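Residue numbers (the working numbering): 1437 to 1590. Just so it is clear, CB atoms sit at the ideal spot from N, CA and C, and this is done for glycine as well. Here the structure is a predicted model, which is why all the values come from computation and not from measurement. In what follows, a structure is listed as structure tokens, so that the remarks can point back to it.
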């Protein structure tokens, strides 16, 4: 059973479908309900099991609701994929707005921390995994992104 944060587009969507193709039950999360339901339909149309839980990872209560929904629906968690993320559009530190920096940290650092903290006590006793997606090009290209992703790279 896999929880996919940031599962409504791009790599998150592809990851959700890949896990489902390998037999995992999947909880797809994201802010866009229409995309989430479309992805779940794609998965379930292939006789695979998935649900969508709308979530804003900047909201601790939304993260907890995802974990609770996963446990209620599937009774266990094997994989947590932290794929939600944003970047700063390659602005330099002087041009970056403080409000955006706060949002960047909330989504890219705090959300994976909170999700991991909430999931770890519920990981199944067999093989389980916490996965963190990052973009190495952003780490190389930008001082701000380098700073904000470094806690996840160590």
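For the region 1517-1565, list the alpha helix (DSSP H) runs that are entirely contained and at least 4 residues long, ordered along the chain.
-> 1534-1541 and 1547-1555
Exposed unless 16 or more other CB atoms sit within 10 angstroms - verdict on residue 1476 = Here the question's residue 1476 lines up with position 40 in the chain shown. It counts as buried.
In whole angstroms, what separates the C-alpha of residue 1497 from that of residue 1531?
-> In the chain shown, residue 1497 corresponds to position 61, counting from 1. In the chain shown, residue 1531 corresponds to position 95, counting from 1. Those two C-alpha atoms are separated by around 32 Å.
Hey, is the region 1500-1508 in contact with the region 1469-1485, meaning 3+ C-beta pairs nearer than 8 Å?
-> no
Nearest candidate by alpha-carbon position, reference residue 1463, set 1438, 1568 and 1474 | Stepping through the chain shown from its first residue, residue 1463 is reached at position 27. Out of 1438, 1568 and 1474, 1438 has the C-alpha closest to the C-alpha of residue 1463.
Residue 1462 - partner residues in DSSP beta bridges = As a first step, residue 1462 is located in the chain shown; it is residue number 26 there, counting from the start. In the DSSP output, where bridge partners are listed per residue, residue 1462 has 1438 and 1486.
Check whether the Cβ atoms of residue 1446 and residue 1440 lie closer than 7 Å to each other.
-> For the purposes of this step, residue 1446 is taken as the residue at position 10 of the chain shown. For the purposes of this step, residue 1440 is taken as the residue at position 4 of the chain shown. In this structure, residue 1440 does not lie closer than 7 Å to residue 1446 by Cβ.
C-alpha distance - residue 1557 paired with residue 1534, whole-angstrom precision | As a working note, residue 1557 is residue 121 in the chain shown. As a working note, residue 1534 is residue 98 in the chain shown. Going from the Cα of residue 1557 to the Cα of residue 1534 covers about 34 Å.
Note down, in chain order, each residue of its chain lying with its Cβ closer than 7 Å to the Cβ of residue 1565, except the 5 sequence neighbours on either side.
-> The count along the chain shown starts at 1 and reaches residue 1565 at position 129. Contacts found: 1515.
Hey, residue 1443 and residue 1459: beta-carbon distance below 7 Å or not?
-> By one-based count along the chain shown, residue 1443 stands at place 7. By one-based count along the chain shown, residue 1459 stands at place 23. No, the pair does not count as a contact, with Cβ atoms beyond the cut-off.
Cβ-Cβ distance between residue 1472 and residue 1488 below 7 Å = Numbered from its first residue, the chain shown carries residue 1472 at position 36. Numbered from its first residue, the chain shown carries residue 1488 at position 52. Yes.
Taking 7 Å as the cut-off, decide whether the C-beta atoms of residue 1520 and residue 1555 are in contact.
-> For this step, residue 1520 is matched to residue 84 along the chain shown. For this step, residue 1555 is matched to residue 119 along the chain shown. Taking 7 Å as the Cβ cut-off, residue 1520 and residue 1555 do not qualify as a contacting pair.
Pair within 7 Å by beta-carbon distance, residue 1518 and residue 1551 | By one-based count along the chain shown, residue 1518 stands at place 82. By one-based count along the chain shown, residue 1551 stands at place 115. Closer than 7 Å, so yes.
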